[in-house]
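Numbering (this note's numbering), first residue to last: 156 to 234. Glycine included, every Cβ here is placed at the ideal spot set by N, Cα and C. It should be emphasised that the depicted structure is a prediction, and the values quoted were computed from it without experimental measurement.
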């Protein structure tokens, strides 16, 4: 396919997007992702309590960094 044909195809595909007046793919909004559950809420509160009790601000290499990085490496399958 020539470059001109590729450009025309690209423009045609872009024009059919809902943002440009084309038919929307979804009829209802996307549902919420709900990325944060009760476990995440508990961990955030634990971190806040930890630093509040000590009257210090959390640092980048604070008490919870190793816990987080070890869990992340485990989730990713190694590091």
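- At the C-beta level, residue 179 and residue 173 come within 7 angstroms of one another.
- In the three-state DSSP reduction, residue 229 falls in the helix class (H, G or I).
- Pairing residue 219 with residue 202 gives a Cβ-Cβ distance under 7 angstroms.
- As the crow flies, the alpha-carbon of residue 195 is around 14 angstroms from that of residue 204.
- Between residue 206 and residue 213, the beta carbon gap of about 5 angstroms places them in contact (Cβ cut-off 8 angstroms).
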